[in-house]
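Just so you know, UniProt numbering puts 313 at position 313 of the sequence shown, and the rest follows in order with no gaps.
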Amino acid sequence: MNTIMLEKMNTIKTLNVISEGGLNVFKNNYKLDDDHENPDAILLRSFNMHSMEFGNKLKAIARAGAGVNNIPVDKCTDEGIVVFNTPGANANAVKELVLTTLMASSRNLFDGVAWTKTLTGESDQVSKLVEAGKKQFVGKEIRGKTLGVIGLGAIGALVANDALDLGMEVIGFDPFISVDTAWNLSSHVQRAMTIEELFANSDFITVHVPFTDTTGGMFNQATFSLMKPGVHILNFSRGELVNEKDMGPALESGIVGKYITDFPNENVLKMDNVIPIPHLGASTKESEENCAMMAARQVKDFLETGNIKNSVNYPNASLPYTGKRRVAAFHKNVPNMVGQITTALSSFNLNIADMVNRSREGYAYTMVDIENDVNGDIIPSLEEKINQIEGIVTTRII
Ligand SMILES: NC(=O)c1ccc[n+]([C@@H]2O[C@H](COP(=O)([O-])OP(=O)(O)OC[C@H]3O[C@@H](n4cnc5c(N)ncnc54)[C@H](O)[C@@H]3O)[C@@H](O)[C@H]2O)c1
Ligand SMILES: O=C(O)CC[C@@H](O)C(=O)O
Numbered sequence: 001m002n003t004i005m006l007e008k009m010n011t012i013k014t015l016n017v018i019s020e021g022g023l024n025v026f027k028n029n030y031k032l033d034d035d036h037e038n039p040d041a042i043l044l045r046s047f048n049m050h051s052m053e054f055g056n057k058l059k060a061i062a063r064a065g066a067g068v069n070n071i072p073v074d075k076c077t078d079e080g081i082v083v084f085n086t087p088g089a090n091a092n093a094v095k096e097l098v099l100t101t102l103m104a105s106s107r108n109l110f111d112g113v114a115w116t117k118t119l120t121g122e123s124d125q126v127s128k129l130v131e132a133g134k135k136q137f138v139g140k141e142i143r144g145k146t147l148g149v150i151g152l153g154a155i156g157a158l159v160a161n162d163a164l165d166l167g168m169e170v171i172g173f174d175p176f177i178s179v180d181t182a183w184n185l186s187s188h189v190q191r192a193m194t195i196e197e198l199f200a201n202s203d204f205i206t207v208h209v210p211f212t213d214t215t216g217g218m219f220n221q222a223t224f225s226l227m228k229p230g231v232h233i234l235n236f237s238r239g240e241l242v243n244e245k246d247m248g249p250a251l252e253s254g255i256v257g258k259y260i261t262d263f264p265n266e267n268v269l270k271m272d273n274v275i276p277i278p279h280l281g282a283s284t285k286e287s288e289e290n291c292a293m294m295a296a297r298q299v300k301d302f303l304e305t306g307n308i309k310n311s312v313n314y315p316n317a318s319l320p321y322t323g324k325r326r327v328a329a330f331h332k333n334v335p336n337m338v339g340q341i342t343t344a345l346s347s348f349n350l351n352i353a354d355m356v357n358r359s360r361e362g363y364a365y366t367m368v369d370i371e372n373d374v375n376g377d378i379i380p381s382l383e384e385k386i387n388q389i390e391g392i393v394t395t396r397i398i
């Protein structure tokens, strides 16, 4: 195995608290500096980056988590900045909280606990009052009820499988399900061919999709009207999936029995039958550590070798790192880019040892390993020559 030595110090900035295990990944030629104006990479969780200015050295942003709607991904792509996330690293934590709140809400546990606390000061009357008052909180068992799971990715698939083990009927909807997830999903999960079918048949609905232009507001007056009266909706994905103007009346009329949300805001807090949770889905020591380590390792590998794994905007690409000089170029996905890069190399009399080219929608990534020992003095001119090619976004020579 090669020891990889970065030639210069790389600065890593964090925008949220990132677990120590993740930060410890950055040793030797790395500086952790949260006040730095122009870092090489940024690690974050839910910090909203949309109005943030980027420095000209920024090469990578890693979301220690799943959702990337807090990052201006398209802008990053245009500027050759790789955005990573950590698929599945917090899925178990979210699954456990979904199942906890599914059962707890069905048993009116949150209201029951809150009411019991109001009995403080009733001294020896507490047990009598408890027995008299508990009838207000009679709940429903989940066994035999139908859970609809929208989005069968890392979290949705775990929830679906475990809900079956708890004796629920499970119906799932995910038109874009990945082959990997499909393999992990129990064959007892019934497939809804349309989301309307899922809405019409579920006693509980849990949603596990990213917030995008197409999923935003998917819970609204029209979709509530298709649901079983009294349905419980669990939202551990993003608040924006629910049209809150429509949620208020749906809760008042009882169409929606309870709304359990990990994304409370002032509007939602004012509604009855809302169970607000302070974005705790991924908040376990294990999940925070998993996400931080995965995010940090992906960034470190990218800075040191150019290899990309788990990017949400550029293609994954990997070449075994031999310690030879490597050209890593982001460019438009148009004909003859590889030809022009290799021509630039041959104009410096450099031979190619290995290469990879991968594309993703309008952009592509090319890494070329150079066979010869490269004189460090020519690197700025080589970089400049490649950067002059039309369609190149950024080039690094590692
Ligand atoms: N509350 C939290 O702390 C927390 C933690 C992790 C993730 N999340 C949220 O949960 C979301 C899902 O996380 P994940 O790890 O399961 O992601 P994932 O990418 O593994 O799964 C998402 C799934 O949604 C599916 N999907 C996309 N659009 C859909 C649509 N219109 N209808 C049905 N299915 C659709 C995809 O095919 C995919 O299978 C994240 O994007 C994030 O917003 C929240
Ligand atoms: O970092 C967190 O606590 C939440 C993460 C979560 O919203 C995600 O999308 O992964």
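Glycine included, C-beta positions come from ideal geometry on N, C-alpha and C. Quick caveat, the model's predicted, so the values are computed rather than measured.
query: Name the two residues that bound the continuous alpha helix (DSSP H) containing Asn201.; result: Ile195 to Asn201
query: So what's Gly133 in DSSP terms, helix, strand or just coil?; result: helix
query: Take every Cβ of the stretch 290-301, pair it with every Cβ of the stretch 11-27, and state whether three or more of those distances are shorter than 8 Å.; result: yes
query: Once you ignore the five residues that flank Leu226 on each side, which residues in its own chain have a CB closer than 7 Å to its CB?; result: Glu196, Phe199 and Ala200
query: Thinking just about the alpha-carbon of each residue, which of Asp78, Ile233 and Asp272 is nearest to the one in Tyr259?; result: Ile233
query: So does Asn90 have its beta carbon nearer than 7 Å to some heavy atom of ligand 1?; result: yes
query: Is DSSP giving residue 418 helix, strand or coil here?; result: Outside the modelled stretch of the chain, which goes from 1 to 398, sits residue 418, for which no answer is possible.
query: Which first and last residues belong to the beta strand (DSSP E) in which Asp369 is found?; result: Tyr363 to Ile370
query: Which residue wins for smallest C-alpha separation from Glu169, given the options Phe176, Lys134, Ala160 and Pro175?; result: Ala160
query: Could you check where the alpha helix (DSSP H) with Thr284 kicks off and where it finishes?; result: Segment: none, Thr284 is in no alpha helix (DSSP H) and carries neither H nor E.
query: Take residue 399 and list the residues in its own chain whose beta-carbon comes closer than 6 Å to its own, dropping the five residues that flank it on each side.; result: Look at the range of the chain in this structure, 1 to 398, and you will see that residue 399 is not part of it.
query: Should Gly281 be listed as close to ligand 2, given that the test is whether its C-beta is under 7 Å from any heavy atom?; result: yes
query: Measuring only the C-alpha atoms, how far is Glu371 from Asp174?; result: 46 Å
query: Sorted by chain position, which residues of the same chain lie with C-beta nearer than 7 Å to Thr3's C-beta, five sequence neighbours on each side aside?; result: In this prediction, Thr3 scores a pLDDT of 41, lower than 50, which makes its location untrustworthy; the coordinate-derived value is nonetheless stated afterwards. Excluding residues within five positions, none has a Cβ falling inside 7 Å.
query: Check whether the stretch 270-286 touches the stretch 47-54, counting contact only when three or more Cβ pairs, one atom from each stretch, lie closer than 8 Å.; result: no
query: At a cut-off of 7 Å, is Ala66 close to ligand 2 when judged by its beta-carbon and the heavy atoms of the ligand?; result: yes
query: Find out if the Cβ-Cβ distance for the pair Ile171, Gln190 is shorter than 8 Å.; result: yes
query: From what residue to what residue does the beta strand (DSSP E) around Thr181 run?; result: Note, Thr181: premise wrong, no beta strand (DSSP E); alpha helix (DSSP H) at Val179 to Asn184.
query: Going by DSSP, name the residue or residues bridged to Ser359.; result: Ala364
query: State the start and end residues of the unbroken alpha helix (DSSP H) segment that holds Thr223.; result: Gln221 to Phe224
query: Could you check the C-alpha separation between Gly216 and Val242 for me, to the nearest Å?; result: 7 Å
query: When we look at the beta-carbon of Val82 and count the other beta-carbons within 10 Å, is it buried (16 or more) or exposed?; result: buried
query: What is the C-beta distance between Gly306 and Met355, in whole angstroms, given that I count them as a contact (C-beta under 8 Å)?; result: About 11 Å; that fails the 8 Å criterion.
query: So, using beta-carbon positions, are Ile386 and Ile392 closer together than 8 Å?; result: yes
query: Quick check on the DSSP output: the alpha helix (DSSP H) that includes Leu147 runs from which residue to which?; result: Segment Thr146 to Ile150 is the beta strand (DSSP E) holding Leu147; no alpha helix (DSSP H) there.
query: Distance check for Tyr363 and Lys332, CA to CA, integer angstroms please.; result: 4 Å
query: Among Ile255, Thr194, Asp213 and Ala60, which residue has its Cα nearest to the Cα of Leu44?; result: Ala60
query: Return yes when the C-beta of residue 403 is under 7 Å from any heavy atom of ligand 2, and no when it is not.; result: Here the chain covers residues 1 to 398 and nothing more, so residue 403 does not appear.
query: Check the C-beta distance from Arg63 over to Phe84 and give it rounded, since I have them as a contact under 8 Å.; result: 7 Å
query: For Asn220, which residues from the same chain have a beta carbon less than 7 Å from its beta carbon, with the 5 sequence-adjacent residues on both sides left out?; result: Asn243 and Asp246
query: Does Gly172 come out as helix, strand or coil in the three-state DSSP assignment?; result: strand
query: Please list, in chain order, all residues of the same chain as Ala250 whose beta carbon is under 7 Å from its beta carbon, the five residues on each side excluded.; result: Phe224 and Val256
query: Count the other CB atoms, across all protein chains shown, that sit within 10 Å of the CB of Gln125; report buried if there are 16 or more and exposed otherwise.; result: exposed
query: Locate the alpha helix (DSSP H) running through Pro380, then write down its first and last residues.; result: Ile379 to Asn387
query: What would DSSP say about Pro276, mapped onto helix, strand or coil?; result: strand
query: Three-state secondary structure (DSSP) at Lys332?; result: strand
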